[in-house]
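Below is one structure, written out as structure tokens; comments come after it.
Protein chains: 2
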Amino acid sequence: MPQLRIALAQVNTCVGDVAGNSSMVRDWTRRAVQDGAHVVAFPEMTLSGYPIEDLTLRKSFAAANRDALEQLARDLQADGCGDALVVVGHLGRDDEGPRNSASLLYSGEVVATYNKHHLPNYGVFDEARNFAPGFELPIVKLHGVDVGVVICEDIWQNGGPVAALGKVGVDMVVCINASPYERSKDDQRVPLVSARAVEAGAPLAYVNLVGAQDELVFDGDSLIADAEGRIIARAPQFAEHLLVADLELTSGGHTSTTVPAEPGPIRMPAFDVKRTVLQPEPVPSFEPRPLPVPAEPLSDEDEVWGALVTGLRDYVHKNGARSVTFGFSGGIDSAVCAALAVDALGPDSVHGVSMPSVYSSEHSRSDAADLARRLGCHYETHAVADMVDIYVRQLELTGLAEENVQARVRGVLLMALSNQHGHLVLATGNKTELAVGYSTIYGDAVGAFAPIKDVPKTLVWKLARWRNDAAEKRGEVPPIPENSISKVPSAELRPDQTDQDSLPEYDVLDVVLDGYVEGDKGYQDLVSDGFDAELVERVLRMVDRAEFKRRQYPPGTKITFKAFGRDRRLPITNRWREIAP
Amino acid sequence: MPQLRIALAQVNTCVGDVAGNSSMVRDWTRRAVQDGAHVVAFPEMTLSGYPIEDLTLRKSFAAANRDALEQLARDLQADGCGDALVVVGHLGRDDEGPRNSASLLYSGEVVATYNKHHLPNYGVFDEARNFAPGFELPIVKLHGVDVGVVICEDIWQNGGPVAALGKVGVDMVVCINASPYERSKDDQRVPLVSARAVEAGAPLAYVNLVGAQDELVFDGDSLIADAEGRIIARAPQFAEHLLVADLELTSGGHTSTTVPAEPGPIRMPAFDVKRTVLQPEPVPSFEPRPLPVPAEPLSDEDEVWGALVTGLRDYVHKNGARSVTFGFSGGIDSAVCAALAVDALGPDSVHGVSMPSVYSSEHSRSDAADLARRLGCHYETHAVADMVDIYVRQLELTGLAEENVQARVRGVLLMALSNQHGHLVLATGNKTELAVGYSTIYGDAVGAFAPIKDVPKTLVWKLARWRNDAAEKRGEVPPIPENSISKVPSAELRPDQTDQDSLPEYDVLDVVLDGYVEGDKGYQDLVSDGFDAELVERVLRMVDRAEFKRRQYPPGTKITFKAFGRDRRLPITNRWREIAP
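As you go down the protein sequences, you meet chains R and V in turn. With UniProt numbering applied, the first sequence covers 1 to 581. With UniProt numbering applied, the second sequence covers 1 to 581.
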């Protein structure tokens, strides 16, 4: 039985940083080879970063990818890693257009390239727009083992290249991925990896990207399934990791070189199988090491917190910023953002600003100061009363215009501090506010990044309690003041205002929003689910009206399928209303 | 020879307004039938509006389209229009998913439905994301004439349904469209319509949408080509119009019901042809009316001005606003926006605001006032010095932070007027500024719509002169003060500032930007084109850095292929630079 030691490099790339990403491949390959690996696999689009969207169309970027790939093959050889088979994702380009490619590097050369076949074009994905699909399946023989390669969506669609590899026969499948995190996504991903291994009749090694890129977070969670579909190795979430495992493989038995066309309304062409022999002889038999202890999946809150911390940290750092500033209002949203920011960047990189107006309560100021003390971050106070007053008097503002001016004056103030001191401004709004439009554009929506943009209000509270409990368990000071969690939420833009003057109770509101936004349920569906018809009508009206505001909101870490972001595209001008106006 | 009178209803629909769009179909069909039309064709996605993006995924919206379609067939019958064949676009939905459909209504029923086959997925289009492609070709016999229907992109791709119709034989093709305007697009569209008529071996009637939807403008320009490809009728641009023409047709000669598969790497399945006989007998022979005089295509400036006026008017009106407000700075950009706004909405709907700071020149104020006088619009002055002063003193602002505060104080001021009086705020920046990032987010970028977002600075000047000349030719007061056109451009955020302190000369800058943005040329290409290497480097650096600012900019009318908007998707976090940093 041939043996191989495989290393899955679960790394954190950056879009566009071809040189940095290449150098990362060299570093991790050296580590893997020093550890005796015969195969080293990196995630989808490692050299380019992922997702690169319309950067695919820029020929000079494709040329830079090609040059870097060829240089990388030579550099790996020079590094003494030429005997390892290195699988690396990159942007390809040929006569058919841009490609989402996985190249196999060996002995200083690019020995084979696979172009992703199934191009996802839903949710956050635009791949049918950005890439031409591939129809060739390279299989390389390394140390007597036939290795096939597929990319991410290829395993999420039935009847694709994995089935084809299974039919022609393959001894191991490497699947490279940039599979974005969603809450509980591993409930789908793990059984899928198992099922595809069974379909291929061979072990499947699944390496995923880790880290964040704009709104997307990649959780890692790389896996190896054996030919029977058992998960035999698993990497942690939200951390770079080299997952090394020794595999004993079955080899041989291939009879055909072409797979018959798939059935279905659109007939798929046959895949062309291209075989390359790199090394026909198995490696000398060795004593396999025990498999690494599989990483335990995280709890729901732990996982969400990890996603939010990763999203914020990478957005700030990958954009070249070192510190953030935002309003500390004393409320729960800014408190959770502050705890996230300190976990992501450290207390010295967080600059809280209290901006009391004439309507701010005493407890707001004291809770904000308490938060800063608990976190050990920077904290200053700038009253906005004088600025607000000039606008209100000079323009004779009343009602909503007066309320909004307070929020906007704060936005200008934070941007001035950002321009003067170089901090990146965070917007602290949550998903519930964003859904119903309970925010001021150019006011509290000001910022380069919105850490809890995809977190419903009820989950904000849950995360706050979870984070405080976690601190207590570790014997640390709970970061979030109890009063910020327990008090009645208020925007404090007029006397004695509370959120529930304008909104239904959050526990009901969040459930209706989840049905309407995530579940794509209509008015009738929700009423049939047992919600009060008047409440449903009220909520749906608010959501439908708020589309323009959502456009103006900064990006934020996505943790659900239908986050309000680039994966949800709606016209701005639109008279369709679930409820007739 | 059978005869038919065909009417192309070039109408202005609104996304989501199913009831309004249906009622428009009834009104225009009545007009056409009163004029003796046997066939009446409406644009692509008439009932739903276009583009509806992810609204396709909402099942309740698809159900509303289906109900409205069936009701419309009954209503047309009740209106006495049941003998006319009415071709209308709408959102369809079946087991395969959402469809971009054209239904044929006759005698109170939906007699056939075609689902668009070629789904564009580039530029502004997301149709492969939003629709399942169709593989059935209905052909209905009306008055002895076999009529086939195709939709928009179906004629822009080779080897599609038009070729299939040509092979099975058809006597007339109706092509319904929502084909967005771009400068000089008719240079491509007119020869294409001719070529497809020849390919079908039959006259092709091309009806296009007119009016604007968010960033897209549809220019109309509906056409009829005879079987030899000659354009025999043409509707005007940027106006609703009923184009009626009498056609003498050749009938018969069909031999097969299925077209062979297309060649190529992805084999297309055969189209299934479905024939329906509505009326086998030709209409009694009648004396054809002379063809209407074809509308003359507009000059370049006239066409662009028409697109910008249409874009602004429909954005404001379709979003339910009645008036606009924005800063009158005395400069060329706000002057052109003001002239556009008055042409689009009338002088009583335009509220100019002068917001002088301590750095504003005397000529700025007088030019702004002169502009308002020429246009006859509302005009008021609000000095911003006091507001700016508080920020600068309280936060000890200097340099760029001080400059930006002026722009942001103006943004807050305009939004306060908007909240207090209900005007929609316009952002007056041009494409050149947006490309290089020469603007202040939350400052001059504030607004719900940016009328000249896709107009380069040099074209802004050209349009100003053209608009003034047009006024003089009509014996009217030229709307734009000569001084606003001829003076040195300045943001006036510090003493004696001019745009060219920060930017290359606009005439060179715009050419380099056109090559980089529209032409997708790289650094080397531009240097090979003869541009100064240092200049190219400087410009490309600015464009690459400004991506985040562009994200925060409001939507604006698109007049080029690569407008900065939804059709150009790039990551925010991105270290790829055409020029190494």
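The beta-carbon is built from N, C-alpha and C at its ideal position, and this holds for glycine as well. Keep in mind the model is a prediction, meaning the values are calculated, not measured.
- Straight through space, the alpha carbons of residue 99(R) and residue 347(R) are spaced by roughly 43 Å.
- In this structure, DSSP gives residue 117(R) a state outside helix and strand, which the three-state scheme calls coil.
- When Cβ-Cβ separations below 7 Å define contact, residue 561(V) makes no contact with chain R.
- Within the region 363-437 of chain R, the complete beta strand (DSSP E) segments at least 3 residues long are 378-381, listed from N- to C-terminus.
- When the Cα atoms are used, residue 439(R) and residue 433(R) turn out to be separated by approximately 6 Å.
- In its chain, beyond the 5 residues on either side, 330, 354, 356 have a beta carbon closer than 7 Å to the beta carbon of residue 365(R).
- Within a 10 Å sphere around the beta-carbon of residue 146(R) sit 16 or more other beta-carbons, which makes this residue buried.
- At a cut-off of 7 Å between C-beta atoms, residue 65(V) does not count as an interface residue with respect to chain R.
- Neighbours of residue 118(R) in chain V, taken as residues at a C-beta separation under 8 Å, are lacking, since the least C-beta distance is about 13 Å.
- For residue 560(R), the closest C-alpha among the options 400(R), 275(R), 151(R), 215(R) is that of 215(R).
- Of the other Cβ atoms in all chains shown, 16 or more fall within 10 Å of the Cβ of residue 179(R); this residue is therefore buried.
- Contact check between the region 545-553 of chain R and the region 162-179 of chain V: fewer than three CB pairs, one atom from each, fall below 8 Å, which does not count as touching.
- As DSSP reads the structure, residue 100(R) sits in a beta bridge with 91(R).
- Secondary structure of residue 164(R) (DSSP, three-state): helix.
- Here the alpha carbon of residue 394(V) sits roughly 38 Å from the alpha carbon of residue 570(V).
- With a cutoff of 7 Å on beta-carbon distance, residue 102(R) and residue 89(R) are scored as near each other.
- Contact of residue 409(V) with chain R by beta-carbon distance below 8 Å involves 412.
- For residue 428(R), no Cβ of chain V is located within less than 7 Å of the residue's own Cβ.
- Legend: CB atoms of the region 359-392 of chain R lying less than 8 Å from CB atoms of chain V belong to residues 382, 386, 387, 390, 391.
- In the structure shown, residue 579(R) adopts coil according to DSSP, grouped into three states.
- When the alpha-carbon of residue 62(V) is set against those of 194(V), 15(V), 369(V), 528(V), the nearest one is in 15(V).
- Bridge partners of residue 271(V) according to DSSP: none are assigned.
- Residue 138(V) is bridged by DSSP to 274(V).
- Put simply, the region 122-142 of chain R touches the region 268-288 of chain R. At least three CB pairs are less than 8 Å apart.
- Taking C-alpha positions only, residue 187(V) is separated from residue 121(V) by approximately 22 Å.
- A distance of 7 Å or more separates the beta carbons of residue 443(R) and residue 426(R).
- Residue 10(V) sits in a strand when the DSSP states are folded into three classes.
- Contact of residue 53(R) with chain V by beta-carbon distance below 8 Å involves 569, 570, 571.
- By the neighbour-count criterion, in which a residue is buried when 16 or more other Cβ atoms sit within 10 angstroms of its Cβ, residue 286(R) is exposed.
- Straight through space, the alpha carbons of residue 176(V) and residue 127(V) are spaced by roughly 16 Å.
- Ranked by Cα distance from residue 549(R), the first of 338(R), 183(R), 339(R), 572(R) is 572(R).
- Under the three-state reduction of DSSP, residue 175(R) is assigned to strand.
- According to the DSSP assignment, residue 148(V) belongs to the beta strand (DSSP E) that extends over 145-151.
- Taking a contact to require three or more Cβ pairs closer than 8 Å, the region 485-492 of chain V and the region 23-32 of chain R do not qualify as touching.
- For residue 505(R), the three-state secondary structure derived from DSSP is coil.
- Judged by pairs of C-beta atoms under 8 Å, the region 52-60 of chain V does not touch the region 75-85 of chain V, as fewer than three such pairs exist.
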